[in-house]
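**Q**
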Amino acid sequence: MKEKIIIFDTTLRDGEQSLKTSLNTKEKVEIALALESMGIDIIEVGFPISSPGDFKSFQTIAKIIKNSKICGLARCKEKDIDIAYEALKISSNFRIHIFLATSPIHIITKLKSTLNKVIERIIFMIKYARKYTDDIEFSCEDAGRTPIDDLCLVVQSAIKAGATTINIPDTVGYTFPNEYSNLIYTLKNKVSNIDKCIISVHTHNDLGMAVGNAITAINAGARQIEGTINGIGERAGNCALEEVIMALYTHKKDINFFTNINYNNIYYTSNIVSEICNIPIAINKAIVGKNAFSHSSGIHQDGIIKNKYTYEILNPKIIGLTKTELNLTSKSGRAAIKYHMQLMGYKDNDYDINKLYNNFIILAEKKGRIFNYDLESLAFNSEFENTTKYYSLQYFTIQSTYNLISTINLKLKCGNLIILESAIGTNHINTICKVINKITNYNFYIIKYKFNTKNYNKKIIHKVNIQISYKKKIFNGIEFSKDIMKASVNAIINIINSIWRFNQVKKNILKINTK
53 MKEKIIIFDT TLRDGEQSLK TSLNTKEKVE IALALESMGI DIIEVGFPIS SPGDFKSFQT
113 IAKIIKNSKI CGLARCKEKD IDIAYEALKI SSNFRIHIFL ATSPIHIITK LKSTLNKVIE
173 RIIFMIKYAR KYTDDIEFSC EDAGRTPIDD LCLVVQSAIK AGATTINIPD TVGYTFPNEY
233 SNLIYTLKNK VSNIDKCIIS VHTHNDLGMA VGNAITAINA GARQIEGTIN GIGERAGNCA
293 LEEVIMALYT HKKDINFFTN INYNNIYYTS NIVSEICNIP IAINKAIVGK NAFSHSSGIH
353 QDGIIKNKYT YEILNPKIIG LTKTELNLTS KSGRAAIKYH MQLMGYKDND YDINKLYNNF
413 IILAEKKGRI FNYDLESLAF NSEFENTTKY YSLQYFTIQS TYNLISTINL KLKCGNLIIL
473 ESAIGTNHIN TICKVINKIT NYNFYIIKYK FNTKNYNKKI IHKVNIQISY KKKIFNGIEF
533 SKDIMKASVN AIINIINSIW RFNQVKKNIL KINTK
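Here the sequence shown stands for residues 53 to 567, numbered as in our numbering.
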């Protein structure tokens, strides 16, 4: 019979501690709702006594969340526990989580106490908290550096006092997986009343082993995993819950564990947390990173097209992603090109794959990444080079007034014509688009504008990446410059050249079909 692994999320508490600015109540509610929709068992909302804002967030979330248990953290102090109860009591399903350090370095230098006095305090505070709820979690702070006999004594005392969950944190991310699993295994075998509680683990990623430690702890007897979405947290972060969850999922045939997670909401929740916390997800991040289901190597792309499980251990649809991405770069092969042409509805006999591939390599080495509209142009524009620039910038000026209204004048060469236009607006980028739309009549609009700035050999260089929508198709433009506005204008001009080539392709195909 399979055993359930309880998923305990501390994104709103331990995760928030790593942020430069605290989350407001509205932001916390949005994250809590996403966590609930993902099927998280327990949501640790924060530390109620820490601030009036935290207390208010607790009360608001406690009213809204119905399917996940709400948890509040408290030190081993009566006032902390009282405040935690006041914040949580609106909910019919809550837990109080209390903690105290148990390692010698903490007991001696931080608490100025002894192990016996610490145990007495733990027992008293657990009994005190139980007057509010039977669901009490106790954490042995810095358990990883606590001598095993001391830890066994603390855990046994805490369970006897009424704790229903015992958390064994690797607070500073110091422990190796084999050490951590041995620690949990020893507790399971040496603590006489251990069967009366759930063993929980809370791992940190200081040495990059948070997820590995969590998995080995499960195998040793832990039945609750604590962590955060995307692994955010203090220093190097916490255990990334989505990684543990999907590790258990991928090995479900070989292990006797399950979770209640709604896998389809993992990607959505990950992005909600990233956006609200303003912490970008690394492109190579396991499970939710942009490259997790993206392939550029020609050999890998060929394998994926033939059987997606050749290079993917998970179907991206499981976590809420729509598809695998096969990026078209100079490393791509004919199989990837044919695959993208098929996606656009073309058959193999509609174009010459060898000619297309040769032209594709030339353009890919110049441009970096190739998009579907580039492929179409390479395949069907035989009378001109794909790199032809129908539009080219002659000059542009920006005149700003004290009330932030700007006038943009732009001169554009359009084939053999030179056209000068101007527009007024409060947003430079949107005003540039307005001017160019006046000239081209394309009526596109920006859906994404990103830039980053780097220092190359003591020179500041701006990279601008723009996505626009034109006739329900997405077009991309990238440009570099020391002047961010010049980079932005040229990125948009790169896009309108792609649109022009796209329209030429459609005209050529129409001519072929009408012959």
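Built from N, CA and C at the ideal position, the CB exists for glycine as well.
Note that the coordinates shown come from a computational prediction; the quantities given were computed from them, not determined experimentally.
Measure the Cβ-Cβ separation of Ile101 and Asp66 and say whether it is below 9 angstroms.
**A** Their beta carbons are not under 9 angstroms apart, which means Ile101 does not touch Asp66 by this criterion.
**Q** Do you know how far the Cα of Leu408 is from the Cα of Gln394?
**A** Roughly 14 angstroms between the two C-alpha positions.
**Q** For the alpha helix (DSSP H) containing Arg182, name the first residue and the last one.
**A** It is not in any alpha helix (DSSP H) - Arg182 carries neither H nor E in the DSSP assignment.
**Q** Three-state secondary structure (DSSP) at Cys291?
**A** Here Cys291 sits in coil by DSSP.
**Q** Taking only three categories from DSSP, how would you classify Asn504?
**A** The answer is strand: DSSP assigns Asn504 an E or B state.
**Q** For Gly285, which residues in the same chain have their Cβ closer than 6 angstroms to its Cβ, ignoring the five residues on either side in sequence?
**A** Hits under 6 angstroms: Asp66, Gly67, Ser70.
**Q** Measuring CB to CB, does Gly98 end up less than 9 angstroms from Ser109?
**A** Yes, the pair counts as a contact, with Cβ atoms nearer than the cut-off.
**Q** Please go through the same chain and pick out, in chain order, the residues whose beta-carbon is closer than 7 angstroms to the beta-carbon of Thr492, but skip the five residues on each side of it.
**A** Correct list, in chain order: Ile548.
**Q** Applying the 10 Å Cβ sphere with the 16-neighbour rule, what's the burial state of Tyr447?
**A** Counting Cβ neighbours within 10 Å, Tyr447 comes out exposed, since fewer than 16 surround it.
**Q** How long is the line joining the alpha carbons of Asn230 and Lys383, rounded to whole angstroms?
**A** Taking the straight line joining both Cα atoms gives about 40 angstroms.
**Q** Excluding the 5 residues flanking Thr381 on each side, which residues of the same chain have their C-beta closer than 8 angstroms to its C-beta?
**A** If we look at Thr381 and ignore the five residues flanking it on each side, its Cβ neighbours are Ser348, Ala416, Gly420, Arg421, Ile422.
**Q** Would Thr198 pass as a contact of Ser155 if the rule is Cβ separation under 9 angstroms?
**A** Yes.
**Q** What would DSSP say about Lys463, mapped onto helix, strand or coil?
**A** The answer is strand: DSSP assigns Lys463 an E or B state.
**Q** Which runs of the beta strand (DSSP E), 3 residues or longer, sit entirely within the region 276 to 343?
**A** You should have 276 to 279.
**Q** May I have a chain-ordered list of the alpha helix (DSSP H) segments no shorter than 4 residues that lie completely inside the region 83 to 126?
**A** Listed in chain order, they are 104 to 116.
**Q** I'd like the span of the alpha helix (DSSP H) that includes Gly214, first residue to last.
**A** Gly214 -> no alpha helix (DSSP H), and no H or E assigned at all.
**Q** Mapping DSSP to helix, strand and coil, what is Ala274?
**A** The answer is coil: DSSP assigns Ala274 none of H, G, I, E or B.
**Q** Output needed for Phe146: all residues of its chain with C-beta closer than 8 angstroms, excluding positions within five of it in sequence on either side, in chain order.
**A** Answer for Phe146: Ala114, Lys121, Ile122, Cys123, Gly124, Leu140, Thr185, Asp187, listed in chain order.
**Q** Kindly give me the distance between the Cβ atoms of His256 and Arg287, rounded to whole angstroms, as I take these residues to be in contact under 8 angstroms.
**A** Sure, about 7 angstroms apart at Cβ, within 8 angstroms.
**Q** Just verifying my parser: in three-state terms, what is the DSSP assignment at Asn517?
**A** Three-state DSSP puts Asn517 in a strand.
**Q** Taking the straight line between their C-alpha atoms, what separation do you get for Ile281 and Ile297?
**A** The alpha-carbon atoms of Ile281 and Ile297 are separated by roughly 11 angstroms.
**Q** Spell out a yes or no on whether the region 527 to 536 and the region 502 to 518 are touching, meaning 3 or more CB-CB pairs, one atom from each, closer than 8 angstroms.
**A** Yes: at least three Cβ pairs fall under 8 angstroms.
**Q** Could you check the C-alpha separation between Gly260 and Ile175 for me, to the nearest Å?
**A** C-alpha separation (whole angstroms): 34 angstroms.
**Q** Which of the three DSSP states is assigned to Arg65 in this structure?
**A** Helix at Arg65.
**Q** Hey, Asn538 and Lys511 are a contact pair by Cβ (cut 8 angstroms); roughly how many whole angstroms apart?
**A** Per the sequence shown, the amino acid found at residue 538 is Lys instead of Asn. So it is not a contact: roughly 14 angstroms between Cβ atoms.
**Q** So, using beta-carbon positions, are Ile551 and Tyr494 closer together than 9 angstroms?
**A** For Ile551 and Tyr494, yes; Cβs fall inside 9 angstroms.
**Q** What's the gap between the Cα of Lys506 and the Cα of Phe532?
**A** About 10 angstroms.
**Q** Indicate the three-state DSSP secondary structure (helix, strand or coil) for Ile413 in the structure shown.
**A** Three-state result, Ile413: helix.
**Q** Determine the closest residue to Asp93 out of Asn314, Ser165, Ser103, with distance taken between C-alpha atoms.
**A** Of Asn314, Ser165, Ser103, the residue nearest in Cα terms is Asn314.
**Q** What are the residues that DSSP puts in a beta bridge with Ser384?
**A** Note: Ser384 sits in no beta bridge, so no partner.
**Q** Which of the three DSSP states is assigned to Phe436 in this structure?
**A** Here the model assigns Phe436 a pLDDT of 42, short of 50, so the residue's position is not dependable and the matter cannot be decided.
**Q** Just to confirm, is the Cβ distance from Thr62 to Glu278 under 9 angstroms?
**A** Taking 9 angstroms as the Cβ cut-off, Thr62 and Glu278 qualify as a contacting pair.
**Q** Excluding the 5 residues flanking Lys242 on each side, which residues of the same chain have their C-beta closer than 6 angstroms to its C-beta?
**A** Excluding residues within five positions, the ones whose Cβ falls inside 6 angstroms are Cys204.
**Q** Alpha helix (DSSP H) containing Ile236: first to last residue?
**A** Its alpha helix (DSSP H) spans residues 229 to 242.
**Q** For the alpha helix (DSSP H) holding Cys249, just list the boundary residues, first then last.
**A** That residue, Cys249, is in no alpha helix (DSSP H); it is neither H nor E in DSSP.
**Q** Round the Cβ separation of Ala226 and Asp201 to the nearest angstrom and send it over; I've been treating them as touching at under 8 angstroms.
**A** Correcting the residue identity first, residue 226 is Tyr in this sequence and not Ala. Not confirmed; about 19 angstroms, so no contact.
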